[in-house]
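To start, the structure itself, in structure tokens.
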Amino acid sequence: MKIICVVGARPNFPKIAPIMKQLNKVDDCQVKLVHTGQHYDYEMSQSFFEDLDIPCPDFFLNVGSGEHVDQIANTMLLFEKVIKRDIPDFILVVGDVNATLSCALVANKMGIKLVHVEAGLRSFDRDMPEEINRVLVDSISDYLFCTEQSAIDNLIDERAHGKTYLVGNVMIDTLVDNLHRLKNVDGEYGVVTLHRPSNVENKHRLTDILIELNNIASSHKLIWPVHPRTKKCIEKFSLHQYTNYIDMVDPMTYLNFMSHVNSSKFVITDSGGIQEETSYLNIPCLTIRENTERPITLSYGTNYLVQDMSRLQIMVNHIISGDRKHTINLGWDGNSAKKIVNILRSENA
Ligand code: UD1
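Taking my numbering, the leading residue of the sequence shown gets -12, the next gets one more, and so forth.
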């Protein structure tokens, strides 16, 4: 079996780690890893390879940042060259970032079987670039591996033509593998992460969010590893005066970040994956969004959607007083990557 796995941006790395580990255990499998280079800062990329023992990419496309069309088109051209050197049986993509879409399109155009891990998730919010990426990738995938039942239902509704499997969550495989390596972080605090264009690229929205976070931080310590996009926006809109109580730090490595989350009282985020990680760890999560493509985190996990900033402080107070959800069984057992690799082997036999 010849397979090419693709990563590009930060959330891809914890998802690919257990898949690479399982694929590398298979004797008759030639596995190659392509990094598109969508994320390139040490903390956004290389540090994850080190923390999670992901093998060095066989190909680094170095596409970098840029407008979406540029990023996608460049990735496609460079990825096609890699594929033409040695045509694989499968191309495997994870998640919903631009790297995922670009390489999925190349697989389809070159007639190579496409595997999508974390398929079927839908926010039904077409203004999110990731939502369009998800819908497009799923519509051309041959194998669709899902983390929750809602994803399977969405794929049925969309009449996706690929084979669909509920296998659990590869990102949680990584968390399970690394739980013993997480360190205790002292103190009572909340963790913040924010990077969605809808929250950070609009000056009024970002100002509202910062004012609320700063209010909260005046009585509850907040640690915020700031995403490069968000940092640029705070600078561009000159909003530093609204951050004086917040402990703003550089992006953290995987183990450092998960250690901080695991020891925290609550998390405030607009990330997708963090809603799942906090749910798994039974840490309350306030998601600054109108919707989530991961509804299991609302019904069985610890996640709350908070779009109206006037409610954020109230929600934090509830959580601190102990009025909060607790995780019920999410069905994520740490063996998803094993299941995926076994299915691909039997399909290729
Ligand atoms: C991308 C994904 C998003 C994911 C997020 C996690 C898409 C459409 N979006 O968004 O789904 O949740 O990654 O971070 O694929 N930058 C750096 N250094 C880096 C990487 C980026 O400075 O290593 C800067 C870039 O200059 C750019 C900004 O951060 O201005 C955003 O990077 P980009 O890759 O466009 O998207 P993200 O917002 O990170």
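Ideal placement from N, C-alpha and C gives every residue a C-beta, glycine not left out.
If you drop the 5 nearest sequence neighbours on each side, which residues of the same chain put their C-beta closer than 6 Å to that of residue i?
{"i": "threonine 240", "result": "Ser34 and Asp38"}
{"i": "aspartate 129", "result": "Lys100, Leu101 and Gly149"}
{"i": "asparagine -1", "result": "Val81 and Gly82"}
Starting from the Cα of residue i, find the closest Cα among the options and give me that residue.
{"i": "tyrosine 267", "options": "Ile275, Asn290 and Asp257", "result": "Asn290"}
{"i": "glutamate 188", "options": "Ile127, Arg276 and Lys223", "result": "Lys223"}
{"i": "arginine 113", "options": "Ser32, Thr256 and Ser185", "result": "Ser185"}
{"i": "leucine 226", "options": "His247, Asp257 and Thr194", "result": "Thr194"}
{"i": "glutamine 58", "options": "Gln25, Glu175, Pro75 and Gly82", "result": "Gln25"}
{"i": "proline 1", "options": "Leu169, Asn202, Leu123 and Val157", "result": "Val157"}
{"i": "isoleucine 203", "options": "Met296, Val163, Asn61 and Thr62", "result": "Met296"}
{"i": "tyrosine 287", "options": "Met245, Gln262 and Gln300", "result": "Gln262"}
{"i": "leucine 48", "options": "His55, Met31, Gly98 and Tyr27", "result": "Tyr27"}
{"i": "leucine 317", "options": "Asp257, Ile327, Val69 and Thr284", "result": "Thr284"}
{"i": "glutamate 175", "options": "Glu145, Asp45, Asp234 and Lys(-11)", "result": "Asp234"}
{"i": "leucine 153", "options": "Val122, Val293 and Asp140", "result": "Asp140"}
Per the DSSP calculation, residue i is bridged to which residue(s)?
{"i": "asparagine 290", "result": "Cys272"}
{"i": "tyrosine 176", "result": "Lys208"}
{"i": "histidine 247", "result": "DSSP output for histidine 247 lists no bridge partner at all."}
{"i": "valine 359", "result": "Outside the shown range of the chain, which is -12 to 336, sits residue 359, and nothing can be said about it."}
{"i": "leucine 197", "result": "Looking at the DSSP assignment, leucine 197 forms no beta bridge with any residue, so it has no partner."}
{"i": "threonine 256", "result": "Thr180 and Thr274"}
{"i": "methionine 235", "result": "Trp211"}
{"i": "isoleucine 78", "result": "Ile(-9) and Leu101"}
Going straight from the alpha carbon of residue i to that of residue j, what length do you get?
{"i": "leucine 131", "j": "threonine 151", "result": "5 Å"}
{"i": "phenylalanine 111", "j": "glutamine 136", "result": "16 Å"}
{"i": "valine 84", "j": "asparagine 120", "result": "7 Å"}
{"i": "glycine 51", "j": "threonine 23", "result": "8 Å"}
{"i": "alanine 86", "j": "alanine -4", "result": "7 Å"}
{"i": "leucine 331", "j": "threonine 62", "result": "25 Å"}
{"i": "aspartate 237", "j": "asparagine 201", "result": "18 Å"}
{"i": "asparagine 231", "j": "isoleucine 221", "result": "13 Å"}
{"i": "glycine 53", "j": "arginine 216", "result": "12 Å"}
{"i": "valine 248", "j": "histidine 313", "result": "16 Å"}
So, for residue i: in the same chain, excluding its five sequence neighbours on each side, which residues have a beta-carbon less than 7 Å away from its beta-carbon?
{"i": "alanine 106", "result": "Asp125, Ser128, Leu131, Phe132, Cys133, Ala138 and Leu142"}
Taking CB distances under 8 Å as the criterion, tell me whether residue i reaches chain D.
{"i": "leucine 193", "result": "Annotation note: the requested chain D is absent from the structure, which comprises a single protein chain."}
Excluding five sequence neighbours on each side, which residues of the same chain lie with their C-beta closer than 8 Å to the C-beta of residue i?
{"i": "methionine 245", "result": "Leu162, Asn165, Leu169 and Glu264"}
{"i": "asparagine 269", "result": "Thr289, His313 and Thr314"}
Just list the beta strand (DSSP E) runs in the region 88 to 160, keeping only unbroken ones of 3 residues or longer that don't cross its boundaries, in chain order.
100 to 104, 130 to 133 and 150 to 153
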